[in-house]
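Student:
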Amino acid sequence: MKLSPQLLAPDNHALVLIDLEGQMGFATHSINITDLRSNTALIAGASRIFNVSTVVTTVVEESFTGPVFPEVEEFYPKATSNYLDRTSMNTWEDEAAYHAITGLGKKKIVLAGLWTSICIVEPALSALADGYEVYVVADVCGDVTLEAHDRAMQRMIHAGVQPVTALQYLLELQRDWARTETYAPVMDLVKKYGGSYGLGVQYAQHMLQPEAAPA
Numbered sequence: 016m017k018l019s020p021q022l023l024a025p026d027n028h029a030l031v032l033i034d035l036e037g038q039m040g041f042a043t044h045s046i047n048i049t050d051l052r053s054n055t056a057l058i059a060g061a062s063r064i065f066n067v068s069t070v071v072t073t074v075v076e077e078s079f080t081g082p083v084f085p086e087v088e089e090f091y092p093k094a095t096s097n098y099l100d101r102t103s104m105n106t107w108e109d110e111a112a113y114h115a116i117t118g119l120g121k122k123k124i125v126l127a128g129l130w131t132s133i134c135i136v137e138p139a140l141s142a143l144a145d146g147y148e149v150y151v152v153a154d155v156c157g158d159v160t161l162e163a164h165d166r167a168m169q170r171m172i173h174a175g176v177q178p179v180t181a182l183q184y185l186l187e188l189q190r191d192w193a194r195t196e197t198y199a200p201v202m203d204l205v206k207k208y209g210g211s212y213g214l215g216v217q218y219a220q221h222m223l224q225p226e227a228a229p230a
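Next comes the structure, spelled out in structure tokens:
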């Protein structure tokens, strides 16, 4: 049996969360903000459950873009996490962020954040040029218009970036339901942030409990 080397695993990549901040979210119209926040929680939570090497970076947080989404801070509290604040729009051009990401020693890099056409395209293309395999979580990215997001995704895919989605990312890390040490945390995360899939999990678990059966 041979698994694809393109598959993501907890130990073979770094996750970079870029500019998931209030001011960037206000003008994001390519995705419903509720979906964006839930999807953000799915990948942030997944990275915690599976101990994925993760970098959280912001852009001029104090004077312009404000704090990160609550869904990021839920899993990466600012009091105990090292947020890297930048002035450059391209994370790859910020020396501290660049060294933090490349210093993790992972050849696969997963990017997610706002806005797709600037803050994601620029580091994605730069990381590709540096020889990294780059993945972008398409539904944890957004832009001022759907056109801007779609063209940015198209540009990156043409360059060699591999698109994934938040739920796909989570389930690709779990991969096997026999992995009991992460099964319950994954199900809890899905029930809280997984939308209709989460409701389905909650329903199934309830209905399969012996005490839920009619007398």
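Mapping of the sequence shown onto the working numbering: position 56 corresponds to residue 71, and the numbering continues sequentially without gaps.
Cβ atoms here follow ideal geometry from the backbone N, Cα and C, with glycine treated the same way.
1) Less than 8 Å between C-beta atoms, sequence neighbours within five positions excluded: which residues of the same chain meet that for Ala36?
2) Just to confirm my understanding: we take Ile172, look at its own chain, exclude 5 residues before and 5 after, and list those with CB closer than 7 Å. What are they?
3) On the three-pair Cβ rule with 8 Å, is the segment 29 to 48 touching the segment 83 to 99?
4) If you check the beta carbons only, do Leu57 and Leu182 fall under 8 Å apart?
5) Specify the secondary structure class of Lys207 as computed by DSSP and reduced to three states.
6) Measuring alpha carbon to alpha carbon, tell me which of Ala167, His164, Thr180 ends up nearest Asp154.
7) Straight-line CA distance for Ala230 to Gln224?
8) Which residues share a DSSP beta bridge with Thr72?
9) Within a Cβ cutoff of 8 Å, which residues of the same chain sit near Ala228, ignoring the five residues on either side of it in sequence?
10) How long is the line joining the alpha carbons of Ala42 and His221, rounded to whole angstroms?
11) Could you tell me whether the segment 202 to 215 touches the segment 55 to 70, using the rule of 3 or more Cβ pairs below 8 Å?
12) Please report the distance separating the alpha-carbon of Glu86 from that of Met39.
13) Taking Cβ positions, are Ala174 and Leu204 nearer each other than 8 Å?
14) Smallest Cα separation from Lys123: which of Val159, Arg101, Ala139, Ala193?
15) Spatial neighbours of Gly157 within its chain, please: C-beta separation below 7 Å, excluding the five flanking residues on both sides.
16) Could you give the distance in angstroms between the alpha-carbon of Ala14 and the alpha-carbon of Phe65?
17) Looking at Ser96 and Val136, is the spacing between their C-beta atoms short of 8 Å?
18) Which first and last residues belong to the alpha helix (DSSP H) in which Asp50 is found?
19) Please work out which residues of its chain come closer than 6 Å, Cβ to Cβ, to Tyr150, disregarding the five sequence neighbours upstream and downstream, and give them in chain order.
Tutor: Reading it off the structure:
1) Before going further, note that residue 36 is Glu rather than Ala in the sequence given. Excluding positions up to five away in sequence, the list reads Thr73, Val74, Glu76, Thr80, Gly81, Pro82, Val83, Phe84, Leu129.
2) Pro178
3) yes
4) yes
5) helix
6) Thr180
7) Because the pLDDT at Ala230 is just 41, under 50, the model does not fix this residue reliably, and the value given afterwards should be weighed accordingly. Straight-line Cα distance between these residues: approximately 13 Å.
8) Ile33, Leu99
9) Low confidence applies here, because Ala228 scores a pLDDT of 45, under 50, leaving its location unreliable; read the following figure in that light. If we look at Ala228 and ignore the five residues flanking it on each side, it has no Cβ neighbours.
10) 39 Å
11) yes
12) 15 Å
13) no
14) Ala139
15) Thr43, Ser45, Ile46, Leu51, Leu129, Trp130, Thr131, His164
16) Nothing can be reported for residue 14, as the shown portion of the chain is limited to 16 through 230.
17) no
18) 48 to 64
19) Val125, Gln177, Val179
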